[in-house]
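Enquirer:
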Amino acid sequence: MRRTARNAVGIVAVAAVALALAGCARGGTDNGGGGGSAAPTSPGVTDTTLTIGITTPLSGATAGPGTCTVAGVTAYFGAKNADGGVKFGDGKTRKIEIKALDDGYDPQKAKANYDQLKDSVFLMGMGLGTPTNRAWREAATADKVPQVLVETGDPIFSDQSQSPWQLGFVPTYLNEGEAFGKLLAASGSDHKVAVLSQNDDYGKGYVEGFKKGIEGASNITIVKELTYEATDTSVDGQLTEMAATKADVFFNAMSITPLVISALQKAQQLNWKPSWFLPSNTSSPGAILTPGKASAFPGVYSVAFSASASSPAFADDADMKAFLSNLKTYANYPDVPAFPHCIWSYMSGAVLDQVFQKMTTPTRDEFMKELRTISDFQAPLMLPDTAVDTTVDGQPAVSSVVVQKYNGKGYDTVSSFG
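Numbers 3 to 420, taken from the working numbering, label the letters of the sequence shown in order.
(1) Can you find the residues in the same chain that come closer than 6 Å, C-beta to C-beta, to F279, ignoring five residues on each side of it along the sequence?
(2) Applying the criterion that 16 or more other CB atoms from any shown protein chain within 10 Å of the CB defines a buried residue, is K94 buried or exposed?
(3) Which residues bound the alpha helix (DSSP H) around M349?
(4) Near D387, which residues of its chain fall below 8 Å by C-beta distance, leaving aside the five closest residues on each side in sequence?
(5) Less than 6 Å between C-beta atoms, sequence neighbours within five positions excluded: which residues of the same chain meet that for S417?
(6) With a cut-off of 9 Å, does the C-beta of T392 fall near any C-beta of chain B?
(7) Just to confirm before moving on: does the CB-CB distance between A112 and T76 stay below 9 Å?
(8) Starting from Y208, follow its DSSP beta bridges and name the residues at the other end.
(9) Would you mind giving the Cβ-Cβ distance between V209 and A255, rounded to the nearest angstrom? I have them listed as a contact below 8 Å.
(10) Considering R136, what are the terminal residues of the beta strand (DSSP E) in which it resides?
(11) Ordered along the chain, which non-local residues of its own chain (more than five positions away) have a Cβ less than 7 Å from that of Q240?
(12) Where does Y413 fall in DSSP's three states?
(13) Under 8 Å by Cβ, that's how I've got V357 and E372 pegged, so tell me the actual separation to the nearest angstrom.
(14) Three or more C-beta pairs closer than 8 Å, one from the region 56-66 and one from the region 318-327: is that the case here?
(15) Consult DSSP for N273 and reduce its assignment to one of helix, strand or coil.
(16) What is the residue span of the alpha helix (DSSP H) that A196 lies within?
(17) Have a look at V147 and W167 and give me their C-alpha separation to the nearest angstrom.
(18) Please work out which residues of its chain come closer than 8 Å, Cβ to Cβ, to P276, disregarding the five sequence neighbours upstream and downstream, and give them in chain order.
(19) Taking DSSP's pairing of strands, which residues face S308 in a bridge?
(20) With distances taken from CA atoms, which of N115, I376, G87 is nearest L60?
(21) Are S313 and G412 closer than 9 Å when you measure CB to CB?
(22) With 16 as the cutoff for other CB atoms within 10 Å, does N2 come out buried or exposed?
(23) D203 and D156 look like a contact to me (Cβ under 8 Å); what is the Cβ gap, rounded to whole Å?
(24) List the residues that DSSP assigns as beta-bridge partners of I449.
(25) With a threshold of 8 Å, establish whether the CB of A311 neighbours any heavy atom of the ligand HEM.
This is how it looks when you write it as structure tokens:
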């Protein structure tokens, strides 16, 4: 955690300097931009810069993935800036600056960060967390501030009637849960499933999706359903109850990294070794499965839409090499990331790049209009059979996933359970 905290501080420090420089370039023009240009603008943009705001956990139990949400997009635009910047649809080339603040996965801090940033950035997004992003969703809507490509699977962020200034990036919890449910139902063999979920919209979404995936499947029986609170420090009691069911499949909709590790360890202490399903954001081989000794189980499954930086299968991939180099050079992140969020936010940078190239006027309205026109875009490091599509109301930028099984080092894509 000391290394993670150091990287987080480094990213914020660099971003703060960048914002200060952007402010100097902004001059005294109306609406925070233009550099004397007569074209309409919005806050956080000039003829030469555009500033992105992020509120995300850079400290606490979710600091690992939270730091990644800043590092990835910083790496992407750091490389673009080094090449001169992004050429926008209005013909101007702008450098992209990042302003990131730590919310510690605390909704009140996230809302305070939004209030601090909203008038000095063009858009906000990429931050991790359902409760933290929900904390300022209504305010962003009222203020007409884009809250986009957020790293939460909560479907409310992709419902245009409820969230006209929002868009989620990662597949919804329902998308993920349903994919695994369908795979399990198609196995043809009988399975008893124990379900442990976070007692909030995150956990409820995964369970709802899973149940939809197994709907009508006579070979699947849910034998126990329990919940835990995101503030809990242990789930040993729930694991003990579930082990007693002798379920052969454990559907574990859990978002807190230390709890996932302890759950893996506790199940082994109880000599309960079912196959596991883990959400994409808490299934990291290096950060979670290795310390949890997950190889002891017959199968650990998750879903994915992006390549894994720690998987040997992508070691020689050109996009992966560029990503790791940019992460080290521009985001002060020298290690191979253990969490997928670094790649997710890097991909988000590529999506924003596409939108910026389409914008003929530097306004938030124009940005939201063009954001919803991206279709079948293969962002860097996307897996086959997945793509970015922002055109479908009710779906995030990425809604397609593949199911993967842990192989002891990384994941292999699978088409069947077992």
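Every residue gets a Cβ at the ideal spot worked out from N, C-alpha and C, and that includes glycine.
Expert: Here's the rundown:
(1) For the purposes of this step, residue 279 is taken as residue 277 along the sequence shown, with counting starting at 1. Correct list, in chain order: F182, F253, Y303.
(2) The count along the sequence shown starts at 1 and reaches residue 94 at position 92. Buried, by the Cβ-count rule.
(3) As a position in the sequence shown, residue 349 is number 347, starting the count at 1. Run containing M349: 343-360, per the alpha helix (DSSP H) assignment.
(4) On the sequence shown, position 385 is the one that residue 387 refers to. Counting only Cβ-Cβ distances below 8 Å, and skipping sequence neighbours, we find S402, V404.
(5) Locating residue 417 in the sequence shown gives position 415, counting from the first residue. Hits under 6 Å: none found.
(6) Absent from the structure is chain B; it holds one protein chain and no more.
(7) Within the sequence shown, the letter at position 110 stands for residue 112. Within the sequence shown, the letter at position 74 stands for residue 76. Result no, Cβ atoms of A112 and T76 do not sit closer than 9 Å.
(8) Within the sequence shown, the letter at position 206 stands for residue 208. Answer is none; Y208 lacks a bridge partner.
(9) Walking along the sequence shown from the start, residue 209 turns up at place 207. Walking along the sequence shown from the start, residue 255 turns up at place 253. Right, their Cβ atoms sit about 6 Å apart.
(10) What you label residue 136 is simply residue 134 of the sequence shown in a count that begins at 1. Careful: R136 lies outside any beta strand (DSSP E), inside the alpha helix (DSSP H) at 132-136.
(11) Locating residue 240 in the sequence shown gives position 238, where the first residue counts as 1. Answer for Q240: L198, L228, Y230, listed in chain order.
(12) Counted from its first residue, the sequence shown places residue 413 at position 411. Strand at Y413.
(13) If you number the sequence shown from 1, residue 357 lands on position 355. If you number the sequence shown from 1, residue 372 lands on position 370. That belief holds up - the Cβ atoms of V357 and E372 are roughly 5 Å apart, short of 8 Å.
(14) no
(15) Here residue 273 is taken as the residue at index 271 of the sequence shown, counted from 1. Residue state for N273 is assigned as coil, using DSSP reduced to three classes.
(16) By 1-based counting over the sequence shown, the position of residue 196 is 194. Counting along the chain, A196 falls outside any alpha helix (DSSP H), though it belongs to the beta strand (DSSP E) covering 193-200.
(17) Numbered from its first residue, the sequence shown carries residue 147 at position 145. Numbered from its first residue, the sequence shown carries residue 167 at position 165. Cα to Cα, the separation comes out at about 7 Å.
(18) The sequence position of residue 276 within the sequence shown is 274, counting from 1. Excluding residues within five positions, the ones whose Cβ falls inside 8 Å are A196, A249, D250, V251, F252, A269, F299, P300.
(19) Counting from one through the sequence shown, the residue named residue 308 turns up at place 306. DSSP, once it has assigned bridges, lists M384 as partnering S308.
(20) Your numbering for residue 60 matches position 58 in the sequence shown. For L60, the nearest C-alpha among the options comes from N115.
(21) Taking the first residue of the sequence shown as position 1, residue 313 is located at position 311. Taking the first residue of the sequence shown as position 1, residue 412 is located at position 410. In contact: S313 and G412 (Cβ atoms closer than 9 Å).
(22) With the chain covering 3 to 420 only, the question about residue 2 has no answer from this structure.
(23) If you number the sequence shown from 1, residue 203 lands on position 201. If you number the sequence shown from 1, residue 156 lands on position 154. Confirmed, Cβ separation roughly 6 Å.
(24) For residue 449 there is no data in the structure shown, the boundaries of the chain being 3 and 420.
(25) Absence of the ligand HEM is noted for the structure shown, with no ligands found whatsoever.
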